[in-house]
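>
There are 2 protein chains.
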Amino acid sequence: MQLNESLVERILCDILARTVSEGLLPQTPSAAAVAAPVDPYLVPVGVSNRHIHLSRADMDALFGPGASLTRMKAMKQPGHYAAKETVTLKGPKGELSKVRVLGPMRGSTQVEISVADGFSLGVRPPLRQSGDLDDTPGIEIVGPHGAVTIQRGVIAALRHIHMPVAVAVDLGLCSGDAVDVEVSGPRGGILSGVVVRVGDPSTLEMHVDIEEANALGLKNDDLVRILPRS
Amino acid sequence: MQLNESLVERILCDILARTVSEGLLPQTPSAAAVAAPVDPYLVPVGVSNRHIHLSRADMDALFGPGASLTRMKAMKQPGHYAAKETVTLKGPKGELSKVRVLGPMRGSTQVEISVADGFSLGVRPPLRQSGDLDDTPGIEIVGPHGAVTIQRGVIAALRHIHMPVAVAVDLGLCSGDAVDVEVSGPRGGILSGVVVRVGDPSTLEMHVDIEEANALGLKNDDLVRILPRS
């Protein structure tokens, strides 16, 4: 086992979570908990349509050297936004135009599509958490200035929960924990093993893609509930 | 309360189910149970793409007076088949072509589309069990011979399980019962309140639409599991 920064963080979080849950440290309501809904386990839903994150190099190739993204609409996660810029994805079977670029730019280009989009394009996106791009397929991306073919980076995003540190401490959760989430309604049920990503600044939100939202009867800002561990 | 045939059937089934579950009647393994997988609660999945069932009158209007459906591929449910015939659906926002007609014909025309299809067409399909068409939207349907505008009949099908009587008796279930169903995999979880339709002849199968299949990581013939009642 390698003792890196993320492992140390994880161990510290586990100790803190256990300390709180065993009542060794009194659990004082944080600002986040006070502002949160009555049930602290409720999480608003955010539905993601297909989109792309671009690296600086691919941005240059697609929109011209030194081009910058134009902010169109803020996302709920602080600092993240939908840009005015869009691209076309070209797969072996078909293409999808007007695919929204999300800002800011990233170290690596990442394409997030649904399973159905994958059928239209002729690409099979593996289910992955954002950033986990080893052994993922590539695709051709076309912009107004030029085109690039990425060798990897196409995924279907695995559902996940963004969680501020204060909320995670209140719920006794650590980054990377998997929780079960209850969805109500005629297409409801329980989603197993939804990964929590704890960080500041962030906004409490469970991300699902459009197919998941439709299949579960969910829309933006609907509330789902993390099931407390028994 | 009206004592109709379906209510009598329901009461008899409840009595039978209780008799079996309380061991008053020895539960002999039926032919279905012997042929079934080791775990009798496992159910194969059937994924439905968008499709349409036609009434005789609408068949006449769309394909010509007296026209008949051409069998192309048998469905798993006995007697049901995909026909060679297709139609185009025209909504206020868009249209979907090559929508498969399923046979045999029915008393009422019924259009089964996904939530995403509804967005493309500009029609909002309510979540319904097949045949429950009160207060559902209509749509224009175009065939090679002519077009009809139905006043109702567009739904997004609620997931459900087709179950032969012998299996239902083994599991102590009655038609109309709602069960929880476990789905494995990274997009797995538990589907709540999946309605069971018991009848003979039928093939054990849980029907979901394509969005549900993609969102749950399911494909045809994958196995899901009915959770025994505790």
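Here the protein sequences come in this chain order: W and X.
Quick note: the first sequence uses the UniProt record's numbering, first residue 1, plus one each step.
Quick note: the second sequence uses the UniProt record's numbering, first residue 1, plus one each step.
Where a beta carbon is used, it is the ideal one built from N, C-alpha and C, also for glycine.
1. Let's test the definition: count the other Cβ atoms within 10 Å of the Cβ of X/Asp-117 and tell me whether it reaches 16, buried, or not, exposed.
2. Relative to the alpha-carbon of X/Leu-121, which residue among X/Gln-151, X/Lys-93, X/Glu-205, X/Ser-175 has its alpha-carbon at the smallest distance?
3. From the DSSP output, which residues share a beta bridge with X/Thr-70?
4. Short check: CB of X/Leu-163 to CB of X/Val-198, under 7 Å?
5. Would you grab the beta carbon distance between W/Ile-161 and W/Val-99 for me? Rounded to a whole angstrom, and I think it's under 8 Å.
6. Quick one: which unbroken alpha helix (DSSP H) runs of 4-plus residues sit fully inside the region 109-195 of chain W? Chain order, please.
7. So, is X/Asn-214 buried or exposed, given that buried needs 16 or more other C-beta atoms within 10 angstroms?
8. Going by beta carbon distance, what residues of the same chain come within less than 8 Å of X/Ala-61, once the five residues before and after it are set aside?
9. Measure from the C-beta of X/Asn-214 to each C-beta in chain W and report whether the shortest distance is under 7 Å.
10. For X/Arg-187, go through chain W and note every residue whose CB falls closer than 7 Å to its CB, in chain order.
11. What does the alpha-carbon distance come out to for the pair W/Gly-131 and W/Gln-110?
12. I'd like to know if X/Leu-223 contacts chain W, where contact means its C-beta is closer than 7 Å to some C-beta of that chain.
13. Using beta carbons (cut-off 7 Å, strictly below), is X/Ser-192 in contact with chain W?
14. Does any residue of chain X bring its CB to less than 7 Å from the CB of W/Ala-157?
15. Taking the beta carbon of X/Met-1 as the centre, do at least 16 other beta carbons fall within 10 Å, making it buried, or is it exposed?
16. Give a yes or no on whether 7 Å exceeds the smallest Cβ distance from X/Glu-211 to chain W.
17. Can you look up W/Asp-60 in the DSSP assignment and give me helix, strand or coil?
18. Say whether chain W places a C-beta atom closer than 7 Å to the C-beta of X/Ala-178.
19. Any beta carbon of chain W sitting closer than 7 Å to that of X/Met-1?
20. Between W/Arg-187, W/Gly-188, W/Leu-204, which lies nearest to W/Val-195 when the distance is taken from Cα to Cα?
21. With C-beta atoms as the reference, is W/Val-101 less than 7 Å away from W/Glu-112?
The short version:
1. Position 117 of the second sequence holds residue 117 of chain X. Counting the other CB atoms within 10 Å of its CB gives X/Asp-117 a total of 16 or more, which places it among the buried residues.
2. In the second sequence, the residue the question calls residue 121 of chain X occupies position 121. When only C-alpha atoms are compared, the closest one is X/Lys-93.
3. One-based indexing of the second sequence puts residue 70 of chain X at position 70. DSSP, once it has assigned bridges, lists no residue as partnering X/Thr-70.
4. The count along the second sequence starts at 1 and reaches residue 163 of chain X at position 163. The count along the second sequence starts at 1 and reaches residue 198 of chain X at position 198. Sequence check: residue 163 of chain X is Met here, not Leu. Their beta carbons are under 7 Å apart, which means X/Met-163 touches X/Val-198 by this criterion.
5. For the purposes of this step, residue 161 of chain W is identified with residue 161 of the first sequence, where counting begins at 1. For the purposes of this step, residue 99 of chain W is identified with residue 99 of the first sequence, where counting begins at 1. That belief does not hold up - the Cβ atoms of W/Ile-161 and W/Val-99 are roughly 25 Å apart, past 8 Å.
6. 115-121, 165-171
7. If you number the second sequence from 1, residue 214 of chain X lands on position 214. It is buried - the Cβ of X/Asn-214 has at least 16 other Cβ atoms within 10 Å.
8. Sequence index remark: in the second sequence, residue 61 of chain X carries index 61 (1-based). So the qualifying residues of the chain are Gly-143, His-145, Gly-146, Ala-147, Val-148.
9. By 1-based counting over the second sequence, the position of residue 214 of chain X is 214. Taking Cβ atoms only, chain W reaches closer than 7 Å to X/Asn-214, which makes this a yes.
10. Stepping through the second sequence from its first residue, residue 187 of chain X is reached at position 187. Within chain W, the residues near X/Arg-187 are Leu-127.
11. Looking up residue 131 of chain W in the first sequence gives position 131. Looking up residue 110 of chain W in the first sequence gives position 110. Each residue's Cα considered, the two are about 8 Å apart.
12. Here residue 223 of chain X refers to the residue found at position 223 of the second sequence. So no, X/Leu-223 is outside the interface.
13. Position 192 of the second sequence, counted from the first residue, corresponds to residue 192 of chain X. It does: the Cβ of X/Ser-192 has a partner Cβ on chain W nearer than 7 Å.
14. Mapped onto the first sequence, residue 157 of chain W falls at position 157. Output row for W/Ala-157: interface = no.
15. In the second sequence, residue 1 of chain X corresponds to position 1, counting from 1. Unreliable positioning characterises X/Met-1 in this predicted model, as indicated by a pLDDT of 48, which lies under 50. The coordinate reading is nonetheless provided below. Result: exposed.
16. In the second sequence, counting from the first residue as 1, residue 211 of chain X sits at position 211. So, interface residue.
17. Indexing the first sequence from 1 puts residue 60 of chain W at position 60. Three-state result, W/Asp-60: helix.
18. Position 178 of the second sequence, counting from 1, holds the residue named residue 178 of chain X. By this cut-off, X/Ala-178 is not an interface position.
19. As a position in the second sequence, residue 1 of chain X is number 1, starting the count at 1. Because X/Met-1 sits at a pLDDT of 48, beneath the cut-off of 50, its placement in the model cannot be relied upon, and the following sentence gives the value as read from the coordinates. False, the Cβ-Cβ gap to chain W never drops below 7 Å.
20. Taking the first sequence and counting its residues from 1, the one referred to as residue 195 of chain W is at position 195. When only C-alpha atoms are compared, the closest one is W/Leu-204.
21. The count along the first sequence starts at 1 and reaches residue 101 of chain W at position 101. The count along the first sequence starts at 1 and reaches residue 112 of chain W at position 112. Not in contact: W/Val-101 and W/Glu-112 (Cβ atoms no closer than 7 Å).
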